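As given, the protein sequences belong to chains X and L, one line each in that order. Add 2 to the 1-based position in the first sequence for this note's numbering, that's all there is to it. Add 2 to the 1-based position in the second sequence for this note's numbering, that's all there is to it. Ideal placement from N, C-alpha and C gives every residue a C-beta, glycine not left out. Since this is a predicted model, take the numbers as computed values, not measurements. The block underneath contains the structure these notes are about, expressed in structure tokens.
Protein chains: 2
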Amino acid sequence: MIDERKQRILRAVIEDYISTGEPVGSRTIARKHGFNVSPATIRNEMADLEELGFLEQPHTSAGRVPSDLGYRYYVDHFVRAVPADHRLWQFMRDRLALRAREIGAAVRAAARMLSEASNFLALVSGPHLESARIDALRIVPVGGQRALFVVVTDTGIVENRLLELGQPLNPAEVERINRLFEERVCGQTMGRAALAVMKDLAMELRQYGDLVEQTLEVLDRPAADGEERLVVGGATNILRQPEFRDIDKAQMLLGSLEQEETVLELLGEPQPRTRARVVIGHEIRVAEMQDCSLVTASYRIGGDSWGQVGVLGPRRMDYAKIISLVEAVARALSESLPRR
Amino acid sequence: MIDERKQRILRAVIEDYISTGEPVGSRTIARKHGFNVSPATIRNEMADLEELGFLEQPHTSAGRVPSDLGYRYYVDHFVRAVPADHRLWQFMRDRLALRAREIGAAVRAAARMLSEASNFLALVSGPHLESARIDALRIVPVGGQRALFVVVTDTGIVENRLLELGQPLNPAEVERINRLFEERVCGQTMGRAALAVMKDLAMELRQYGDLVEQTLEVLDRPAADGEERLVVGGATNILRQPEFRDIDKAQMLLGSLEQEETVLELLGEPQPRTRARVVIGHEIRVAEMQDCSLVTASYRIGGDSWGQVGVLGPRRMDYAKIISLVEAVARALSESLPRR
DNA sequence: GGCTAGCACTCGCACGCCCAGAGTGCTAAC
DNA sequence: GTTAGCACTCTGGGCGTGCGAGTGCTAGCC
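In structure tokens form, the structure reads like this:
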């Protein structure tokens with residue numbers, strides 16, 4: 003589609019623009035990148051590339067700037083993720099392992115690391131628990147009329163809720179309920195499966211209506227009000243980007259990040275693969291973010307629960323670096339969290 | 003110290019400045035605020051007020067602007083918190099009550115409400131658990147070699163941790179440990195008291211060294227890695243303030259808010275009183291925040307655990323409104339969280 | 001046919017300039 | 001003590017200008 007030399011020029015323009023942030027002119031390309039042709043020739047090629055949609059001009063007589071299409075071509079053809087520096091990777095994994103007991107803490111730490119290492123904005127979504135397997139689920143009476151309802155999954159996550167019982171429960175009853183839970187619910191996945199089984203149980207345990215009611219609630223929306231579902235790190239980094247010197251733009255962007263729903267949707271469904279996904283400019287379907295790019299990857303926890311990590315930065319980012327960073331953090335997170 | 007008329011003028015200047023954001027001149031005061039004297043007279047008075055340190059001039063031949071001292075005088079003498087609108091208050095309390103089961107969720111909701119209602123930045127610190135009373139504390143075996151360690155306090159907060167045991171525990175051992183916990187630790191407060199008792203127990207339970215070790219850790223830093231200790235809401239509101247059109251200033255400020263330690267210190271020790279505390283400009287001991295004011299109040303949960311809510315905005319804020327808002331949210335939070 | 005030198009042209013940006021407007025402080029008179 | 005008058009100061013915006021970077025085009029060269 004575009005010949006060898008055009009490719010080299012496109013690449014040179016993009017890499018120059020990424021490192022300087024200034025529109026790049028034909029002189030620069032001819033001089034700095036070892037082309038043995040004159041600026042005029044480069045100009046002709048650049049005019050072609052512009053016509054093809056890979057480059058843009060902010061205004062006549064400025065240099066060229068990559069378009070979304072240009073970046074896309076660049077990412078697809080020239081960027082191969084370098085595996086992250088091994089020492090860095092170990093460092094991250096170890097630091098995450100320290101908080102692995104508490105998923106929320108690990109997720110927050112990941113967001114922090116990601117934003118600090120990238121100098122951009124980090125997004126990490128908590129794991130989807132729908133397919134986490136229930137390892138244990140139990141009622142523990144806690145004085146008087148209260149009982150603690152706990153769920154332990156293979157992800158190590160513990161959902162719990164203090165139940166207010168209408169009546170006190172005697173040990174035999176507790177025993178019976180717990181046995182039922184153990185026999186019927188353990189081994190199921192958190193989502194619909196457990197809910198269905200639980201609804202059956204509700205019949206048999208009719209006399210404890212309120213109790214069962216409340217346990218159903220917990221299973222129905224795991225982590226809905228306990229752990230947060232989304233962590234944003236280093237939001238202020240955005241303000242360092244020249245493309246956001248415009249306060250209003252920055253405010254719009256940061257504002258839209260406060261809409262959890264939007265961002266979760268943006269991060270997309272976790273996908274069982276290790277490679278990062280790159281979304282560029284207008285490919286992001288959120289108006290405020292259209293001069294950003296987003297790099298995401300999935301992490302896995304337990305048997306089959308997935309979450310997403312991502313970096314949101316200016317389109318003008320070092321894709322190779324960010325991609326490997328994001329992949330590394332996703333992997334570190336997966337490996338440091340409880341295995342099964 | 004300053005006479006009646008000077009007071010009126012000071013007040014007029016501040017209120018005018020608060021509502022317009024522009025330095026206010028003698029004409030404006032004389033005209034808008036029903037003084038029956040000429041601008042020249044006002045000018046003389048304003049010169050005095052400046053000499054006394056209550057007003058400042060951004061530059062010769064601009065109007066006057068209140069100094070920190072001026073705001074301080076204003077807040078101490080002229081601002082009395084209007085009790086918040088009753089309907090709003092009820093609305094807030096009810097909305098908080100919905101999340102009261104999970105303290106973290108309630109705290110996040112409070113931060114959100116506070117930032118939305120004030121249009122400034124909201125800070126809410128999680129409750130200090132040091133003086134929460136332990137209602138129950140127990141080990142629950144969870145399959146194989148794992149056990150769940152749970153702590154329930156009078157605040158309703160449940161600390162828990164999945165313990166990896168070196169060896170499996172038989173029911174009798176579990177029984178014994180739990181009885182010891184119940185007899186010795188329940189009723190203590192979370193902080194030093196419980197820790198001391200627990201250390202004694204450590205001797206008696208020497209053979210389960212690892213287990214006791216881990217429980218000590220949990221008690222030692224309650225909520226340290228589970229719930230977050232600080233929630234920031236509406237950070238972007240800051241960008242709407244004219245005093246932060248300067249990106250670099252805004253970035254410094256938002257950056258310093260990411261230092262949890264700093265902010266927690268700033269919020270200060272919760273104090274058992276319902277009135278708000280106002281900290282103005284340089285009274286805030288954080289360089290980046292010196293053209294802000296901070297209004298904080300304490301909320302209470304359980305018997306004796308306190309946390310702080312606060313609003314950080316430009317010095318030029320409507321103090322009466324913000325003070326009553328902050329007090330209202332603190333009260334709503336206290337009343338909607340589990341009583342004992 | 002592709003490449004290049006030369007050249008006129010186009011912008012954006014920084015700089016300096018100037019002026020209007022707002023507000024002051026001072027003085028002298030009431 | 002108050003006020004009118006006046007000279008003075010400072011900011012901010014509007015405007016013109018020159019410079020530099022970079023382009024597109026044309027004509028000639030290999």
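From Val77 (chain X) to Ile11 (chain X), what does the alpha carbon distance come to, in whole angstroms?
Cα to Cα, Val77 (chain X) sits roughly 15 Å from Ile11 (chain X).
With a cut-off of 8 Å, do at least 3 Cβ pairs link the region 251 to 260 of chain X to the region 236 to 251 of chain L?
Yes: the two stretches touch, three or more of their Cβ pairs being nearer than 8 Å.
Would you please verify whether the beta carbon of Asn162 (chain L) is less than 9 Å from any beta carbon of chain X?
Yes - at least one Cβ of chain X is within 9 Å of the one on Asn162 (chain L).
By a C-beta neighbour count over all protein chains shown, 10 Å radius and 16 as the cutoff for buried, is Asp212 (chain L) buried or exposed?
Exposed, by the Cβ-count rule.
Return helix, strand or coil for Glu53 (chain X), following the three-state DSSP convention.
Glu53 (chain X) falls in the helix class under three-state DSSP.
List in chain order: all unbroken beta strand (DSSP E) runs of 3+ residues lying wholly within the region 247 to 333 of chain L.
Runs of the beta strand (DSSP E) inside the region 247 to 333 of chain L: 279 to 282, 294 to 303 and 307 to 316.
Taking buried to mean at least 16 other C-beta atoms within 10 Å of its own C-beta, is Ser63 (chain X) buried or exposed?
That one is exposed.
With DSSP collapsed to three states, give me the class of Pro170 (chain L).
The answer is coil: DSSP assigns Pro170 (chain L) none of H, G, I, E or B.
Using a Cβ cut-off of 9 Å, pull out every chain L residue sitting near Leu335 (chain X), in sequence order please.
Near Leu335 (chain X) there are no residues of chain L at all, since even the closest Cβ is about 16 Å away, more than 9 Å.
Along the chain, which unbroken stretches of the alpha helix (DSSP H) at least 4 residues long are found entirely within the region 73 to 132 of chain X?
The qualifying runs are 88 to 100 and 105 to 120.
Please classify Thr191 (chain L): does DSSP put it in a helix, a strand, or coil?
Thr191 (chain L) falls in the strand class under three-state DSSP.
Can you give me, in chain order, the residues of the region 147 to 178 of chain L that have a beta carbon less than 7 Å from any beta carbon in chain X?
From the region 147 to 178 of chain L, only Leu150, Val152, Val154, Gly158, Val160, Asn162, Arg163 and Leu164 have a Cβ closer than 7 Å to chain X.
Looking only at its own chain, which residues have a Cβ that is under 6 Å from the Cβ of Val15 (chain X), when we skip the five neighbours before and after it?
Once the five neighbours on either side are set aside, the close Cβ partners of Val15 (chain X) are Val26 and Arg66.
Mind checking which residues open and close the beta strand (DSSP E) that includes Thr155 (chain L)?
Note, Thr155 (chain L): beta strand (DSSP E), Arg148 to Thr155.
Rounded to whole angstroms, what is the Cα-Cα separation between Asp70 (chain L) and Asp87 (chain L)?
Spanning the two alpha carbons is a distance of roughly 29 Å.
Can you tell which of L:Arg231, L:Lys251 and L:Gln243 has the C-alpha that lies nearest to the C-alpha of Ala113 (chain L)?
Out of L:Arg231, L:Lys251 and L:Gln243, L:Arg231 has the C-alpha closest to the C-alpha of Ala113 (chain L).
Mapping the DSSP letters down to three states, classify Ile159 (chain X) as helix, strand or coil.
Here Ile159 (chain X) sits in coil by DSSP.
Given a threshold of 16 other Cβ atoms within 10 Å of its Cβ, counted over all protein chains shown, does Gln209 (chain L) qualify as buried or as exposed?
The residue in question, Gln209 (chain L), is exposed, as its Cβ has fewer than 16 Cβ neighbours within 10 Å.
What three-state label does DSSP hand Ala204 (chain X) in the structure shown?
It is helical.
Check the Cβ-Cβ distances between Leu116 (chain L) and every residue of chain X, and say whether any is below 9 Å.
Chain X, which has no Cβ nearer than 9 Å to the Cβ of Leu116 (chain L), makes this no.
Name the residues in the region 246 to 259 of chain L whose C-beta lies less than 7 Å from a C-beta of chain X; which are they?
Within the region 246 to 259 of chain L, the residues whose Cβ lies closer than 7 Å to some Cβ of chain X are Arg247, Ile249, Ala252, Gln253, Leu256 and Gly257, listed in chain order.
Would you kindly work out how many angstroms separate the C-alpha atoms of Gln273 (chain L) and Arg101 (chain L), rounded to a whole number?
Between Gln273 (chain L) and Arg101 (chain L), the C-alpha separation is close to 24 Å.
Measure the CB-CB distance between Phe151 (chain L) and Leu131 (chain L) and report whether it falls below 9 Å.
No.
At what residues does the beta strand (DSSP E) containing Arg140 (chain X) begin and finish?
Per DSSP, Arg140 (chain X) belongs to the beta strand (DSSP E) from Ile136 to Pro143.
Just verifying my parser: in three-state terms, what is the DSSP assignment at Pro41 (chain L)?
The answer is helix: DSSP assigns Pro41 (chain L) an H, G or I state.
Got a sec, what are the start and stop residues for the beta strand (DSSP E) Val234 (chain X) sits in?
From DSSP, the beta strand (DSSP E) with Val234 (chain X) extends over Leu232 to Gly235.
Would Arg318 (chain X) and Ala299 (chain X) qualify as a contact pair, given that the criterion is a beta-carbon distance under 9 Å?
Cβ atoms of Arg318 (chain X) and Ala299 (chain X): not closer than 9 Å.
Could you tell me whether the Cβ atoms of Ala330 (chain X) and Met94 (chain X) are closer together than 9 Å?
It is a contact, given that the beta carbons lie within the stated cut-off.
Could you name the residues of chain L that Ala237 (chain X) contacts, counting a contact when the two beta carbons are closer than 9 Å?
Per Cβ cutoff of 9 Å: Ala237, Thr238, Leu256 and Glu260.
Taking a contact to mean a Cβ-Cβ separation below 9 Å, would you say Leu335 (chain L) touches Phe122 (chain L) in this structure?
No; because the gap between Cβ atoms is not below 9 Å, this pair is not in contact.
To the nearest angstrom, how far is the alpha carbon of Glu185 (chain X) from that of Leu139 (chain X)?
Cα to Cα, Glu185 (chain X) sits roughly 10 Å from Leu139 (chain X).
Counting only beta-carbon atoms, is Leu241 (chain X) nearer than 9 Å to chain L?
Yes, because at least one Cβ of chain L sits closer than 9 Å to the Cβ of Leu241 (chain X).
Can you round the beta-carbon distance between Met200 (chain X) and Leu182 (chain X) to whole angstroms, since I take them to be within the 8 Å contact cut?
At roughly 10 Å, the Cβ-Cβ gap does not stay under 8 Å, so Met200 (chain X) and Leu182 (chain X) are not in contact.
Examine chain L for any beta-carbon lying closer than 9 Å to the beta-carbon of Arg95 (chain X), and answer yes or no.
No, Arg95 (chain X) does not count as interfacial toward chain L.
Could you tell me whether any Cβ in chain L is nearer than 9 Å to the Cβ of Gly145 (chain X)?
Yes, Gly145 (chain X) lies at the interface with chain L (some Cβ there is under 9 Å from its Cβ).
Tell me where the alpha helix (DSSP H) around Ile31 (chain X) begins and ends.
That run of the alpha helix (DSSP H) goes Ser28 to Lys34.
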